[in-house]
Amino acid sequence: MSNITLRVPDSVHEQARNLARSDGISVNSFYASAAAEKIAAMRTVEYLREEAARSTPSDFLRVLNMAPKVPPAPEDVLPARTPAPQKTPRRRAGSRPLSGHRRKASHA
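The numbering of the sequence shown is the numbering used here, which starts it at 2 and goes up by one.
Now the structure itself:
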């Protein structure tokens with residue numbers, strides 16, 4: 002086992018002490034557990050990235066097809082989409098205006 006000196010802001014240490022106390026463990030155990038959890042989370046992300054790099058769209062569809070064919074739970078239903086308003090076409094710089102639309106002559 003290694004001994005380390007750890008510098009943390011007082012506010013973080015106070016919260017760690019309080020959480021360790023409420024969990025019935027030492028502050029040392031709390032920090033060791035926090036470090037282990039962070040390592041596990043980072044390794045999980047790394048693992049998922051590696052798996053994603055090896056997979057193909059057909060792999061994704063194969064797994065997706067394993068899902069049961071049931072309607073989503075009410076909390077998973079997306080709100081109804083309203084159609085986006087139609088954008089009016091913009092003229093390109095230097096293009097001529099449409100017929101019936103004339104530019105006003107500028108007076109220098």
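Backbone N, C-alpha and C define an ideal beta-carbon position, used for all residues, glycine too.
Distance from the CA atom of R50 to the CA atom of P69, rounded to whole angstroms, is 26 Å. Counting only runs of 4 or more residues that sit fully inside the region 52-78, the alpha helix (DSSP H) segments are 58-65, in chain order. The beta carbons of A17 and Y32 sit about 7 Å from each other, so the pair counts as a contact at 8 Å.
Judged by DSSP secondary structure, S12 falls within the alpha helix (DSSP H) whose first and last residues are D11 to D24.
Judged by DSSP in its simplified three-state form, L49 adopts helix.
The alpha-carbon of P73 is positioned some 20 Å away from that of T83. Going by beta carbons, A36 and S27 fall outside the 9 Å limit.
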